[in-house]
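Peer 1: According to my numbering, the stretch in the sequence shown is residues 1 to 284, in order.
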Amino acid sequence: MLNLCVFVSQNDDNNDDDIYESDGSLPEDVMDPREKPMGFFDHLEELRWVILKCIVVYVLFAVVIGVFLRQANSILLLPFNMAREQFPELPENLRMIYVTDSFTAVIQLCFLGALVPAMPFFFFFASQFVAPALTKKEKHMIIPVCLSSLVLFVVGSLFSFLLLVPSTLKISALTGDILGATAEWTIASYYGTLAWLTIGVGISFEFPLVIVLLVYLGILRVETLRKYRRHAIVGIFIMAAIITPTPDPFTQTIFALPLYVLFETAIFIGGRMQKKRDEAAQAQ
């Protein structure tokens with residue numbers, strides 16, 4: 001009888017080992033709940049929370065900008081003052097013609113300006129959402145991609161704020177002077193131009209990062225980028241024409257030149273990545 005009990009116990013142990021070792025994983029009823037596969041509606045719930053967190057952070061930064069808008073106004077007027085140095089005939093202060101001008105300017109500054117500090121949080125929340133579907137190699141790219149995206153966005157915004165916006169204002173004043181017109185810029189038009197150019201250029205500076213990612217993931221080949229380089233140049237100037245508020249070729253060229261440099265930089269970095277990947281594949 002004792003021998004029979006021992007035999008049954010050993011068989012039970014072997015069966016347990018088979019359960020745990022047959023596929024190298026725990027059965028679903030004893031798995032860690034966090035490691036169970038998620039269903040479609042579970043993913044929707046996760047996505048809902050990601051969107052909710054992004055909205056909360058975005059609104060929070062918009063409120064903070066609104067609270068300190070008076071203190072930040074002297075900085076926001078820097079491009080306007082730079083244009084006045086070259087064209088002293090410009091008015092010392094911006095005008096408010098319509099009742100809604102001030103409200104429009106405040107809304108544009110708060111909600112468009114909030115994108116700048118909120119962008120890193122957007123990338124972080126999005127990376128948390130897609131991380132379970134990424135390989136270990138791809139997960140290592142999350143932090144570098146987020147940091148690179150933030151740096152490119154800030155560089156593009158500063159480039160627009162310190163160079164592109166002042167040049168746009170100067171060209172507007174120059175063409176108005178040629179026609180004998182006096183500039184009477186409103187706060188809505190000035191702050192709208194400032195916000196649109198700064199945010200738009202900041203976002204457009206991130207497109208080379210997308211190219212590098214596509215090459216890194218093997219979706220795009222560097223040879224294709226080199227083959228269609230002329231088409232890319234045309235696309236860059238079309239983008240510059242859409243984002244810049246003035247139709248003059250000078251402003252568009254100022255914007256297009258750094259974008260083309262970034263495009264060539266993306267080809268160079270992507271080429272090095274592709275070469276290493278091809279060499280590793282041949283070695284295997």
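Where a beta carbon is used, it is the ideal one built from N, C-alpha and C, also for glycine. As the structure is a computational prediction, the values presented were derived from the model and not from experiment.
Does the beta-carbon of Ser74 have 16 or more other beta-carbons within 10 angstroms, so that it is buried, or is it exposed?
Peer 2: exposed
Peer 1: Between which two residues does the alpha helix (DSSP H) holding Ala280 run?
Peer 2: Pro249 to Ala283
Peer 1: From what residue to what residue does the alpha helix (DSSP H) around Tyr216 run?
Peer 2: Phe207 to Tyr216
Peer 1: Count the C-beta pairs between the segment 199-214 and the segment 142-155 that are closer than 8 Å, then say yes if the count reaches three, no if not.
Peer 2: yes
Peer 1: The alpha helix (DSSP H) that contains Asn81, what's its start and end?
Peer 2: Start and end: Leu78 to Gln86.
Peer 1: Less than 9 Å between the beta carbons of Ile269 and Leu225, yes or no?
Peer 2: no
Peer 1: My understanding is that Pro208 touches Phe263, with C-beta atoms under 8 Å, so please give their C-beta distance in whole angstroms.
Peer 2: 6 Å
Peer 1: Would DSSP call Arg221 helix, strand or coil?
Peer 2: coil
Peer 1: Kindly provide the ranges of any alpha helix (DSSP H) runs that are 4 or more residues long and lie completely inside the segment 52-124, ordered along the chain.
Peer 2: 69-76, 78-86 and 101-113
Peer 1: If you follow the alpha helix (DSSP H) that Met239 is in, where does it begin and where does it stop?
Peer 2: For Met239, the enclosing alpha helix (DSSP H) begins and ends at Arg229 to Ile243.
Peer 1: Following the continuous alpha helix (DSSP H) through Leu197, name the residue where it begins and the one where it ends.
Peer 2: Ile187 to Ser204
Peer 1: Would you identify the three-state DSSP class for His140, choosing helix, strand or coil?
Peer 2: His140 falls in the coil class under three-state DSSP.
Peer 1: Would you tell me roughly how many angstroms separate the C-alpha atoms of Ile236 and Ile243, rounded to the nearest one?
Peer 2: Looking at the two C-alpha atoms, the distance is approximately 11 Å.
Peer 1: Taking Ala183 and Pro91 to be in contact with their CB atoms under 8 Å, please state how far apart those CB atoms are, rounded to whole angstroms.
Peer 2: 7 Å
Peer 1: Could you give the C-beta distance for Asp101 and Ala181, rounded to a whole number, given that I count them as a contact under 8 Å?
Peer 2: Asp101 to Ala181, Cβ: 20 Å. No contact.
Peer 1: In chain order, what residues of the same chain lie with their CB nearer than 7 Å to the CB of Gln282, ignoring the 5 residues before and after it?
Peer 2: none
Peer 1: Could you spell out the range, first to last residue, of the alpha helix (DSSP H) harbouring Pro166?
Peer 2: Val165 to Ile178
Peer 1: On the criterion of 16 or more Cβ atoms from any shown chain inside 10 Å, does Leu52 qualify as buried, or is it exposed?
Peer 2: Taking all protein chains shown into account, Leu52 has fewer than 16 neighbouring C-beta atoms within 10 Å of its C-beta and is therefore exposed.
Peer 1: DSSP on Glu46, reduced to helix/strand/coil?
Peer 2: DSSP places Glu46 in helix when its eight states are reduced to three.
Peer 1: Kindly confirm or deny that the segment 109-117 and the segment 207-222 touch, where touching means at least three C-beta pairs closer than 8 Å.
Peer 2: no
Peer 1: Exposed or buried, which one is Tyr310 when buried takes at least 16 other CB atoms within 10 Å?
Peer 2: What the structure shows of the chain is the stretch from 1 to 284, and residue 310 is not part of that stretch, so it cannot be assessed.
Peer 1: Please list, in chain order, all residues of the same chain as Ala195 whose beta carbon is under 8 Å from its beta carbon, the five residues on each side excluded.
Peer 2: Gln108, Leu109, Leu112 and Gly113
Peer 1: Among Thr175, Ala232, Trp185 and Leu179, which has the Cα closest to the Cα of Phe250?
Peer 2: Thr175
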